Each structure stands twice: as structure tokens, then as C-alpha cells.
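Remarks on the structure that follows.
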Ligand SMILES: [K+]
Ligand SMILES: [K+]
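Chains as they are written, first to last, in the numbering used here: chain A, 609 to 1080; chain B, 609 to 1080.
Take a look at the structure:
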């Protein structure tokens, strides 16, 4: 019943990142003068396939064809696509059961409600209905994926064609409109967070329209995917009588199907409430602390509000940004770090349900164990980076401070992509040879540090999507 | 069966800290020129009773009589004393059962092995044996407490009287030898970590003898208390036939008695191994990173090794120090933060035992829940401090950086007392009116920040002493 066993997943991500590296390496970069190093290209490939958007190379160094490759990598690495692929595989080989044979035990994201089925009185009949419904489900996910992305690309393209202030930026930077639209929409839907511009979305901070188009893309592809999927299934059930049975079956057996992203009804509502809560909290804090600050300089009230909402949505987990993260208050950084750490489907359970309760209990033990050990692993990763970068920490304490390292590691673990960056101004000594770059803080680390962060990104991409707390 | 319910404990600590504040306030400080503010005196009282040794006042500001008061507060706040007091209370009122009535359910440190008794075939006979053994146990703990402290005071006094380099420091500072010895030994045994000198143990860094006397005091009063208690009971059982029965009963029913600090045999061995592990790791890292560094300047090899062992022992959780914490490498700080966060009886379970396993399972769920929420609470506390100190964070980024705040909060939560301090040299602007002080970083915080840290210290003192992981 488990769709996502560990080894096939790590094989998938690892082989695609190697393939992506090879293709990126073969293609010409934008200019002849600058060729990224191999480690940096591999880092970019890993960052794309794990939808992290950590960067060690400026985005405008990549040529149009390289941007297309990155788009493909992001698309193939996104959770909606990979989970759909696993569903189709299960359809194609129902007798081989290559994935079905192993029941949820060692699954890294066999979530709260997936995995262990409740009492199953007629296994054979249920199995048949099961297969039928899974086929239906996989096509619903496919439709959802295609529809949301197509609509996104269309609307973004229209916006860029119509609004001159946004379109002119692309012209100035020599970016093709279609490449930019597809890249940005795929990046937003998969929650990767790469944008073809060096400055990420900072150049579009005064285009609230564009931000408002992208915000739903980010939510539909990540934290709000389960409730929207449920909603789609429900709507389809109402529309056609032929699929009504499947729709009903899926709605009622959400926990049994073994598709992590199909959550029971109560859980879905709780998830929506939790997502709203973790959106409102940083928005309020951000507005309270930064309304008149340097970081939101030059924006009018409407742009500020849209920008702050955009920024907060991006903390989970797209990582696109309209401000220089290093300029915001420490309190916001701490809250953002918590938001980045939380897995997408982290949920406060406000509603009680006996049956669900029982189902949760079993999985909970295992998940909590992982919750605690994840923090232990993160501490070890931070410690290792502190060792590899020890000299820079001493020489350049304002850039290489432990908070910045923690944020970079948590950002990589959460596959977010926020970074404190590196500033030559903050450098205390030897600023002569220093030139500010548009890539992330990790771009300034040693090869050892970069390699550790690659491992953290993989580790993060394979983490559990779920986490639940009883509330209050 | 539960000795430490929540409300009596919080009442105990709160009333004693208020009383301590009143007495400290009534007594004259050392000089007439400086009178600590009320909040700072209350902070000191809380810091003593919660055995934290966070400080907002320089220690040498306190007069001899005030030092005696602080000694009494530390003694009354130490875990060995409070748990012994609860045992005696249980003896005195076996029929009232004021504490016994409530079974482990809401106990903050009803640990892994305390609380829920295993199957109990003859409740009445067991009850009688139980009471008898508890009486015996409470006298063993009393003897242990008195013996370790008396021996400690004697040896430290002798050392100070004999070794001129150490004795002369006291004379120069105008500290009485007996006050210093009692204060330091009580402080070390309770793992409070206050020392009557401003510089804490830094002035004694070249007295490895003194450090070697204090190290066992710290271990015997905290992480190694359970195995040493077991050992004492075993030895007493061998000595007298009269107590042999009680000794046997206690050894075999360690998990049933409900005394948190009496652990089953396997668990004790695992605890010893874990303590050694979390001692060796920071020692190795510290020696590797700091052998030739500024922080250990002027010490010979033997002094360095003893000093580093002393420093590592103090991370759990005494918080005495022989180096300026702010000068050590980031990697060590990260590891020290982890060590500070770990509760005293955190244990990797290397050995398996069916019976124990089952007993653990039940408690584990609850503890993990607390483990996760503790980190959530700590994040909130850090966030709140970032808000109260937001102006200083902007104006004085090198002193008020988030890592220093995190270390201060984790140190208060772990009741450790390590601090990054505050340095006028690190201050970037307006250093004119700045004067370096010997108190902790928190001494430079606003009243709001100090109040938050008081709450964190209470919260930390009431935390669970246990935490276990299955290994590997
Ligand atoms: K991302
Ligand atoms: K302490």
C-alpha cells in the first residue's frame, strides 16, 4: 500500500540530478566568459530536482536552453509529479506490485493517514474497487497538475505582455517571455523557488499583480494540495455519474488508499486552518516590525501588504523573495526558520474523531521519533558546516555567523531556498577583492560545506511531509 | 506514587524565590555605592533557586551574608534536596497521601521508570514493604547529600589553605575561605554554577587541582546521581543485614517505587555510557579546535586538558567556566548548545530488556510530545526576546546577535548558566559610555527580556529530567 518507499525515491532523485548535471554541463552558458565549476553545476542540478532553490551560481549566468533543463528538473522533482508517477506505476503493474508489496513500514513519507488500512472485511472486492479508484485518482492528479500549470503560464504570460513595467524588465535582461513564464510557474507550483532573474522576485516587488498570480500557484502545489485535490474529486463526483462511485469511494477511504496527499476530510480542514495560521502569524509580525523599515522601502501600502503576504507564503516552502532577507528583523528570521522547518502538511488537529484518532496513534510514535532525530541530524549538519567553514567564521564574523549558517541549513532541509546572502559591506577585513554576487550564502562556502548542503537537500526532499499535534 | 506533582513544585520554587529576594534586599550589599535594582535581585534569587547561575549582577557586589543566603537558596533548589524532601514528606504523611494520591499522570518529571507500577499482585503487603523501603531510601539520599557536600567542603578548604596561588586570590578579593568553600561546593553539587568571584572559575584555570575536586561534585550531584545512588544502596545492603532486605527490594523494584532518581540497573549503565559520550565528544572537539587558540592561552598541557574536561562537564549543567565562552569556535558553541539542551538523564538505550521496554513505551509517547513542544516553546521565547531587544539588535549587532540570544535562552532553559557575555569592544557605535561588566549577557537586556528569562528558568527547572533514545 505504500507508494513511496525509500530506495526507489533516492535512486530517482540521485540519477536525475546526475543526468541534469550532465546536460547542464554539455549546454553552453549565457556568456563565454563565465563557466560555472562542476560542483556548482551539480549543486544547481540537485537544488532543482529537490526543489530547494539554494544557489551557488547567479541565475542569469544560465542560457535559455539551460533554463529549460532546469525547468524540466524542477517539474520532475516536484511532489505532485513524483506522487502521480508512483500512482501510475501502481496502475501499470498491479500484478507485479513492486511498490505495493512493502506496507508503509519503511516509507519516509507514508504519512499519518496513508499506510496501515483499517479493518478490511472483503479483501478481494475491496482490492478491485481500490485499483479502479486509484486509476481514477491518478488521472485526477494529472488533470490537476496540467490545469494549474497551464492556467498559470497563460495568466503570467498575459500579465507580462500587458503590463509594461514587468515586461520591460525581461527585455532589459534578455529573457524570453515564454521561457520566463513556464520557468516561473513550474518553479512556483513545485515550490522550487528559482526565478530566471538574479534578484529573484525583488525586481517585481512593485508588481503586486504578478505576486498575486504566483501566490495561489505556490499554495496549490504544496500546502493546499490535499484539500484542493479532495475538492476536485468532490466536484468531479457531482459532475459525472460514471465517476461518482470512484469519487465517493476515494472520499470515504482517503486514509486507506495509501496516497499520502489524499487526506481525510477533518484532517484537510485542520490542515487549511494550520496553513492559514502559519501564514497570518508571520504576516502580522512582518507588518508590525517592518512597515516603515528599510526592507520595504519605496513600496506603497498595497504593494507592502501583497509583498509581505507573498514573502510569508514563500516561507513554506517556495523560497522566492521580494526583500533582502538579511535586512529583516531577527524576530522575523526566527519565525521564518520555524516555518521553514515545518513540513508542508504539519497540522494542528482541532477536531476529534475516534476512528481517525486510533489510526493516528500508531503512526505518531514513529513520526515523533523522526521529529526528534531530525533536529539531532540538523544540529550535526550545522556542526559540520561550522567545522568546514571555521576559518571564515573567525575572519569574517558578520557574514559567517552561526545564525546565517543555521538558516542556510534549515532552508536546505526544508527545501525552501531562503538565504541570508553574503555582503561585501559586512566583511570586516580585506574587502578589496570582494565583489557582491546574487547567489546564496552557500555560494561563498568551501567545497566541503557545499557538499554537506547537497546532502541536506536530499535529506530534506526525502523527509516526512506530515507532522501533527493535538490542539490545544 | 508520584513524588513531584506540578503545582506544589511551582509553589515551592516561586515562594522561595520571593522569600530569597526579600532577604537579599534586606541585607546590605558589599559596598554602599552600588545597590542592585529590585528586578536584578529577584533575578538572582530565581537564578539561585532554579540552580541556573544566569546573572545580571556581578557576584562580588554581594556581601558575605548575601552569599550565605544564595548558598541556602541553591541548596534548597537542588534536585537531590527537593526530591529527598518529597520522599520525607511521603514518609511523614503516609495516610494523608497528599502527593501519593495523584498517579504520575500530570507529573513534570515522573520519569521513564517512575510512575506506573507493573502488575501488583498483593497490593497491601507491597504497600507496607514499599513504605519501609522509602523510609530507608530517604535516609540514604540524606546521607549521600550530607556526605558528598561535607567531603567537598573539607577538601576544597584544605586545597585553598594549602595551595598559596589559590588562597591568595581569595585574600585579594576579600572573600572568606569558609564562605567560598561552602558556596562553591553547594553550587557545584546542585549544579547551580555560581562562584563568589566575578570571573567565575577563570581565575582558577591554572589550579587544575581545584578543578579536579569540583568535577566529581558536579557529576555526583547531577548526571551521575542515579548510578551512584544505586551503588550506595548496593554497598549498604552488603554492609548491614538489617538493611539488606530494603536494599534488595529497592534494587529490584527501582521502577516501581516512584522515585525518579532510582533507575533500573540497565538504565543506569546506559546512563553512565551516555554521560561519558556527551563528555568525550565536546572534549575531543574542544581540544581539536582550541589547543593553540587564544581561549586557552597561558595554560600548560595538563592545565589545558583538565580545563577542557572541566568545561565539558559544566555544559551539563553546572555552567561554571574557565574560558570566555564568546572566544571559542562556533562548532563548539553549537555542540555546547545541544549539551545544554539535553536533560540530565537523557539516555541512549544500548541494552534491551523486554520488561523495561514495555514500561518505557507508555511513558515515551508523552515524553516525545513534550520534547517536540519544548523546542516550540523555546522558539517562542527566543522570538519574544528578539522582539523586546529589537532596537539593540539593530544598533549593536555583534553583541546582540541571535546566536547569543539562543545560547542565553537555551542556557536558562537547561539551568546551565553559560553566557556569551557582552563586550564593549564588540560594540560598533557609541562605545564611550560602555563599561565591561562581569555579569551575563542577560544583564544588558531590557526589563522585558529579563522577565522572559526568569520565566524560562522556572520552565527549565520544572522540565522532565528524562529523555531516551533507542540505540542505534
Ligand atoms: K524551495
Ligand atoms: K547551572
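All C-beta atoms, glycine included, are put in the ideal place defined by N, C-alpha and C.
Quick caveat, the model's predicted, so the values are computed rather than measured.
query, result
"Within-8 Å CB hit, residue 938 (chain B) to chain A", "yes"
"Every unbroken alpha helix (DSSP H) inside the region 907 to 955 of chain A [4 residues or more]", "909 to 922 and 938 to 949"
"Integer Cβ distance of residue 662 (chain B) from residue 655 (chain B), believed to fall under 8 Å", "5 Å"
"Residue 1025 (chain A) CB to nearest heavy atom of ligand 1 below 7 Å", "yes"
"Burial state of residue 770 (chain B) (16 or more Cβ within 10 Å)", "exposed"
"CB contact check: residue 1060 (chain B) to chain A, cutoff 8 Å", "no"
"Check whether residue 886 (chain A) and residue 947 (chain A) have beta carbons under 8 Å apart", "yes"
"Cβ-Cβ separation, residue 1056 (chain B) to residue 1002 (chain B) (assumed contact under 8 Å), whole Å", "Rounded, the Cβ-Cβ distance is 16 Å, inconsistent with contact."
"Against chain B: residues of the region 895 to 912 of chain A by CB proximity under 8 Å", "897"
"Beta-carbon contacts of residue 855 (chain B) that lie in its chain and below 6 Å, excluding the five residues immediately before and after", "841, 844 and 845"
"Proximity of residue 825 (chain B) and residue 788 (chain B) at Cβ, strictly below 8 Å", "no"
"6 Å Cβ shell around residue 912 (chain A) - same chain, five flanking residues per side excluded", "904"
"Sub-8 Å separation of residue 831 (chain B) and residue 924 (chain B) beta-carbons", "yes"
"Which listed residue (A:875, A:944, A:1052 and A:617) has its alpha carbon closest to that of residue 893 (chain A)", "A:944"
"Members of the region 991 to 1006 of chain B that neighbour chain A once the beta carbon cut-off is set at 9 Å", "991, 992, 993, 994, 995, 997, 998, 1001, 1002, 1005 and 1006"
"Proximity below 8 Å, CB of residue 635 (chain B) to CB of residue 677 (chain B)", "yes"
"Cβ of residue 1009 (chain A) within 8 Å of any chain B Cβ", "yes"
"Coil, strand or helix - residue 999 (chain B) by DSSP", "helix"
"Where the alpha helix (DSSP H) through residue 862 (chain B) begins and ends", "862 to 865"
"C-beta contact flag for residue 812 (chain A) and residue 667 (chain A) at 8 Å", "no"
"Distance cut-off 7 Å: residue 921 (chain A) Cβ against heavy atoms of ligand 3", "Ligands displayed in this structure: ligand 1 and ligand 2; ligand 3 is not among them."
"Beta-carbon neighbours of residue 933 (chain B), restricted to chain A and to distances below 7 Å", "Correct list: empty, because the minimum Cβ distance to chain A is about 13 Å."
"Proximal chain A residues relative to residue 1024 (chain B), where beta-carbon distance stays under 7 Å", "The contacting residues do not exist; residue 1024 (chain B) stays about 16 Å from chain A at best."
"Residue of A:682, A:643 and A:672 minimising C-alpha distance to residue 664 (chain A)", "A:643"
"Straight-line Cα distance separating residue 638 (chain B) from residue 1047 (chain B)", "16 Å"
"Cutoff 7 Å; reference residue 851 (chain A); Cβ partners in own chain excluding five residues on either side", "744, 844 and 845"
"Spatial distance of residue 998 (chain B) from residue 921 (chain A) (CA atoms)", "24 Å"
"Short CB-CB distance (under 8 Å) between residue 941 (chain A) and chain B", "yes"
"Interface flag, residue 733 (chain A) vs chain B, CB-CB below 8 Å", "No answer about residue 733 (chain A) holds up, because its pLDDT of 45 lies below 50 and its placement is not dependable."
"Distance between beta carbons of residue 689 (chain B) and residue 632 (chain B), contact taken as under 8 Å", "That pair is no contact at about 20 Å."
"Nearest-angstrom Cα separation, counted from residue 1008 (chain A) out to residue 776 (chain B)", "42 Å"
"Any non-hydrogen atom of ligand 1 within 7 Å of residue 1032 (chain A) CB", "no"
"For residue 949 (chain B) and residue 1068 (chain B), the rounded distance between their alpha carbons", "10 Å"
"Contact with chain B by residue 946 (chain A), beta-carbon distance below 8 Å", "yes"
"Complete alpha helix (DSSP H) runs within the region 847 to 886 of chain A (minimum length 4 residues, chain order)", "849 to 860 and 862 to 865"
"Cβ of residue 1031 (chain A) within 8 Å of any chain B Cβ", "no"
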